[in-house]
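Peer 1: Those sequence lines, one after another, are chains A and B. Using my numbering, the letters of the first sequence correspond one by one to residues 11 to 368. Using my numbering, the letters of the second sequence correspond one by one to residues 246 to 779.
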Amino acid sequence: MAQDDHSGTELAAADSSHAETVPAVKTGTALIQSDAFENPGFPPHRPRVTDEDPKKEKRAQRTVYTLFYLSILGSIWAIAAYMLFPMEGNDVGDVRLNNLFIGLGAALALLGIGFGAVHWAKAVMTDVEIADERHKVGGNQVSREGAVKVFQDADRESGFTRRAVIRNSLIGALLVFPLPAVVLFRGLAPQDENPVELLSHTMWKAGTRLTLDPSGVPIKAADVTIGSAFHVIPEGLSELHHGRLEEKAKAAVLLMRLNPDELNELPDRASWSYDGIVAYSKICTHVGCPVALYEQHTHHLLCPCHQSQFDVANHCEVIFGPAARPLPQLPIMVDDEGYLVAQSDFTEPVGPSFWERH
Amino acid sequence: MSTATTRAPQRRTFTAAASNYIDERTSVSTFVKELGRKAFPDHWSFLLGEVALFSFLVILITGTFLTFFFQASMAEVEYDGSYVPLKGVEMSVAMASTLDISFDLRGGLFVRQMHHWAALLFVAAIGLHMLRIFFTGAFRKPRELNWVIGFVMFILAMGEGFTGYSLPDDLLSGNGLRIIDGMIKGIPLIGTWTSFLLFGGEFPGTAIVGRLYTLHILLLPVILLALIALHLLFVVVHKHTQYAAPGRTQQNAVGPPILPIYAAKAGGFFFLVFGVLALIASLFTINPIWNYGPYDPSPVSAGTQPDWYIGFADGALRLIPPGWEFVLFDRTWSFNILVPLVGLGLFIATVLIYPFIEAWVTGDKREHHIVDRPRNNPTRTAIGAAGVTFYAVLWAAASSDIIATHFKLTMEGVIHSLQALLFLGPIVAYIVAKRVSIALQKKDREIVLHGYESGRIVKLPGGEFIEVHQPLDEYDRWKLVSYESYEPLMIRPNARGKITVGQRLRAGMSRWFFEDRIAPVTKGELEAAHHDHH
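#1: Is the stretch 670-689 of chain B touching the stretch 709-719 of chain B in the sense that three or more CB pairs, one from each, lie closer than 8 Å?
#2: Could you tell me the alpha carbon to alpha carbon distance between B/D646 and B/P491, rounded to whole angstroms?
#3: Report buried or exposed for A/L350, applying the criterion of at least 16 other Cβ atoms within 10 angstroms of its Cβ.
#4: B/D426 lies in the alpha helix (DSSP H); which residues open and close that run?
#5: Just checking: is the beta-carbon of B/I692 within a distance shorter than 8 Å of some beta-carbon in chain A?
#6: Taking 8 Å as the threshold (C-beta atoms), are B/G513 and A/G149 in contact?
#7: Along the stretch 632-666 of chain B, where does the CB come closer than 8 Å to a CB of chain A? Name the residues.
#8: Mind reading off the beta-carbon distance from B/P286 to B/V499? Whole number of angstroms is fine, and I expect it under 8 Å.
#9: Could you tell me which chain A residues have their CB closer than 7 Å to the CB of B/L734, listed as they occur along the chain?
#10: Does chain B have any CB closer than 8 Å to the CB of A/V59?
#11: Rounded to the nearest angstrom, what separates B/A752 and B/V454 at their Cα positions?
#12: So is A/V186 buried or exposed if we call it buried at 16+ other beta carbons inside 10 Å?
#13: Checking 8 Å against the spacing of the C-beta atoms, do A/P200 and B/G446 come in under that value?
#14: Closer than 7 Å, Cβ to any Cβ of chain B: which residues of the stretch 64-91 of chain A, in chain order?
#15: Measure the CB-CB distance between B/S300 and B/M319 and report whether it falls below 8 Å.
#16: Apart from the five residues just before and just after A/V234, which ones in its own chain have a Cβ nearer than 6 Å to its Cβ?
#17: What's the gap between the Cα of B/E657 and the Cα of B/A561?
#18: Can you list, in chain order, the residues of its chain with a C-beta nearer than 8 Å to that of A/E249? Leave out the 5 residues immediately preceding and following it.
#19: Are the Cβ atoms of A/S283 and A/F356 separated by less than 8 Å?
#20: In this structure, what does DSSP give as the bridge partners for B/S579?
#21: Examine the Cβ distances between the stretch 108-127 of chain A and the stretch 348-357 of chain B and report whether three or more of them are shorter than 8 Å.
#22: Would B/N536 pass as a contact of B/G382 if the rule is Cβ separation under 8 Å?
#23: By the DSSP assignment, the alpha helix (DSSP H) with A/Q319 in it spans what residues?
#24: Taking 8 Å as the CB-CB cut-off, is A/A323 touching chain B?
#25: Using C-beta distances below 6 Å, list every residue in its chain close to B/R385, excluding the 5 sequence neighbours before and after it, in chain order.
#26: Is the stretch 355-362 of chain B in contact with the stretch 587-603 of chain B, if contact means three or more CB pairs nearer than 8 Å?
#27: Hey, does B/R620 have any beta-carbon neighbour from chain A nearer than 8 Å?
#28: Is B/L477 near the ligand FAD, with its Cβ less than 7 Å from a heavy atom?
#29: From A/D345 to A/L220, what does the alpha carbon distance come to, in whole angstroms?
#30: To the nearest angstrom, report how far apart A/P362 and B/L522 are at their CA atoms.
#31: A/L222 lies in the beta strand (DSSP E); which residues open and close that run?
#32: Can you list, in chain order, the stretches of the beta strand (DSSP E) that have 3 or more residues and sit fully within the stretch 458-508 of chain B?
#33: Anyone know if the C-beta pair for A/A289 and A/V328 falls short of 8 Å?
#34: For the stretch 271-288 of chain B against the stretch 501-518 of chain B, are there 3 or more C-beta pairs whose distance is under 8 Å?
#35: Can you give the beta carbon distance from B/L401 to B/L478, rounded, assuming they're within the 8 Å contact cut?
#36: Secondary structure at A/V360, three-state DSSP: helix, strand or coil?
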């Protein structure tokens, strides 16, 4: 078994009478039949057409070098395409042509080499199969004993087992030393901010005007017709230079006007709407996608990410999908000039649930 | 080996001199002698792993090119490139530089698309490679650890994919990050702070693209490369598996030698994979971020979907019924997030440790180098089919809205059907796969015992027509009889006369695995069958 197999034996010469040696290891519940068929050994070698017909062999060789030449052609084509199809104007068509022709050239260059090499291997190279002997994975008795001796010597010389105090103090030190590195990662987020605090407030304040997203134009109550829906941001959001997207990710609101008869408001929120106009957070209470799709005749809001549905007529309660909580409502009223304004911030955190939320 | 050295040692050719120079400084001749003529078993299904490896190389090559032009910054700029519809739009530098790669760099779109297509192929090829390993039992001793390494790489590949498609900071990927943020926030105790640290403050912040970039081009690729090296090292140590065929045994590895045939085939195959990806990238658009626009937390389009390999996780989120969230002990418990996370975690963990489960059930400590035909281990095949179905239902759920609009079904109907299918589908798949496997085994037995249908119809003297069955030759027969089955484990009391719970569990599992089994035809049976005929 310990024979050198590096040179490999040619298949025809392989010893096919290799009886399956009885394994010394446990076979578990394997059912080993005494009456099983024996391995018949390698079947006779079947020559390929290119082995028997010199004409076919010549043709295969021609195919191989033609493919390699085609590859060179493809490379030249790709370089030429780089120059012949510039992207100078603002024309998307240029981009398309540049992409197409550089790409086709490169594809030809690569496929030519690929098909050529594989065809060379399959049709022209000598069709030889060899059988390598496998050895059981794992060292033999000698190497295992040698390894054990190495560890024993090392242990004796270092006193790793004997000098337990030294060993244990080292293990302790090794366990503790990465901790400062872990602490350093606290710096990933600002030191002086608390996420729970931040998540609990938005830009909305008493008197903040409701404005159109993204133009920032304030909305008059009179302009909101029954059945319409507006994408709303707080006044001043577009002018923010710092943290605009962070604020928008919390403050985005959907404004809808329903027939007041169809609006079923909670008693304690009766004053939060204005003449059938209601404003709800646009950020889904599931994982935070914008609940952007409004179905006018059913008054349902749909989140396109995971299909949670909210019923605007019933204080945005969840009627379908994985979301668990209704969309938070923004209390609104009308100011002296007839513009819609917030009565206050949201009365609960908007967006996805988090551990400290309650 | 240089022919010059053997045939004419007195004439020193350049090749011989160069080989000698290098060998005296590297001992490389030892490796060439050791590995150059190793036999490498051949089968089309062995190429799946190569597709994964080669598409990874394409990803490295194209990705390196992209790093020269992509800028992972979330600083706001006004877009001023060639794509007219977005001119003047505020966006991050990351988005603007991705648009520049696409519209202002010759060949940039081509490389970007090749990178993305290669990533999609990479994950797909790993998945198919794993299915091949699973269904043929190639994960058995001594290859269990390599299964684990490969599986970890599958997870890392998904991580590479997710971090990669989030980099352009476009609307679609931004929504993907929003979902990740929402999921992280739903994790008890650590969720809120984890999200806060990950995004460097509140979502979306200005840090995440830069951080994902570090993961995407440094940390994950380094780990992947190290694991690939280890994975391939194990292939060398174990030698490749092979399918049963005449002459092939557990003690040999049969195939063309590495030099020249295997090297030419595999080297050529690398160029084929590369070339096909180039062809796809030149013909088909992928991830057209210019249609999506820059990320903004407010707009979203209908039919949003992640790249295909994230689909199963997104689908798991969609299948949770309403209301799975509670306030308990003054804290919010988001079971609508936790159940998918834990469920997928358990699914993944089961796949990861499957080789150890099967080894425990069979108690078989031998090395297995001849892989099974899937039919010859019906229960494993059935378990695999059930797992694939479970995954496929989750995956389909990620497209529930598109299924609904495309087939004009109700959204609710599709979700409810998929919820039912998630549990019933695997059961049906299990039963069908098991029955089909056993039926195929019976067919194999039939062919071995009574030969194959020759198509020759003969009229007997009595006027009866029969089709002549041709017996198999010994080589064809070997492929059908060379497998082992296992018996169910008998419960036996241990040395202290007790039957442990572990024993009972193992016996139960063993019964489940091997109660229905078809043993291969033996010589005696074949003889008896012949006897019946005469």
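Backbone N, C-alpha and C fix where the C-beta goes; we use that ideal spot for every residue, glycine too. As the structure is a prediction and not an experimental result, all values here were calculated from the model.
Peer 2: Inspection of the coordinates gives the following:
#1: Counting Cβ pairs under 8 Å, fewer than three are found: no touch.
#2: Approximately 52 Å, taken between the alpha carbons.
#3: The residue in question, A/L350, is buried, as its Cβ has 16 or more Cβ neighbours within 10 Å.
#4: 416-430 is the extent of the alpha helix (DSSP H) around B/D426.
#5: Proximity of B/I692 to chain A, defined by a Cβ-Cβ separation below 8 Å, is not satisfied.
#6: No, they are not a contact pair.
#7: For the stretch 632-666 of chain B, which is checked against every Cβ of chain A, the residues closer than 8 Å are S645, D646, M656, E657, I660.
#8: So it is a contact: roughly 6 Å between Cβ atoms.
#9: Contact note: B/L734 reaches chain A through T39, using a C-beta cutoff of 7 Å and chain order.
#10: For A/V59, the nearest beta carbon of chain B is not closer than 8 Å to its own beta carbon.
#11: Linking B/A752 to B/V454 through their CA atoms gives a straight-line distance of about 52 Å.
#12: Exposed: under 16 other Cβ atoms inside 10 Å.
#13: Between A/P200 and B/G446, the CB-CB gap stays under 8 Å.
#14: If the cut-off is 7 Å between Cβ atoms, the stretch 64-91 of chain A has nothing near chain B.
#15: Taking 8 Å as the cut-off, the Cβ atoms of B/S300 and B/M319 do not count as close.
#16: Setting aside the 5 residues that flank it on each side, A/V234 is surrounded in the same chain by R267, I287, each with a C-beta closer than 6 Å to its C-beta; the list follows chain order.
#17: Straight-line Cα distance between these residues: approximately 15 Å.
#18: For A/E249, where only same-chain residues beyond five positions count, the Cβ hits under 8 Å are G226.
#19: Between A/S283 and A/F356, the C-beta gap is not smaller than 8 Å, which leaves the two residues out of contact.
#20: Beta-bridge partners of B/S579 (DSSP): B/E570.
#21: Yes, they touch.
#22: In this structure, B/N536 lies away from B/G382, with their beta-carbon atoms at least 8 Å apart.
#23: Premise fails: A/Q319 lies in the beta strand (DSSP E), 319-321, not in any alpha helix (DSSP H).
#24: A/A323 is outside the set of residues whose beta carbon lies under 8 Å from a beta carbon in chain B.
#25: Same-chain partners within the cutoff: H613.
#26: Under the Cβ criterion (8 Å, minimum of three pairs), the stretch 355-362 of chain B does not count as touching the stretch 587-603 of chain B.
#27: No, B/R620 does not count as interfacial toward chain A.
#28: Looking for the ligand FAD in the displayed structure turns up nothing, as the structure carries no ligands at all.
#29: Rounded to the nearest angstrom, the gap between the Cα atoms of A/D345 and A/L220 is 11 Å.
#30: The straight-line gap from Cα to Cα measures roughly 39 Å.
#31: 220-222 is the span of the beta strand (DSSP E), which, as asked, contains A/L222.
#32: DSSP assignment within the stretch 458-508 of chain B yields the following whole beta strand (DSSP E) runs of 3 residues or more, N-terminal first: 497-500.
#33: No, these two residues do not count as a Cβ contact at 8 Å.
#34: Enough Cβ pairs lie closer than 8 Å, so yes.
#35: Rounded, the Cβ-Cβ distance is 18 Å, inconsistent with contact.
#36: Note: A/V360 maps to coil in three-state DSSP.
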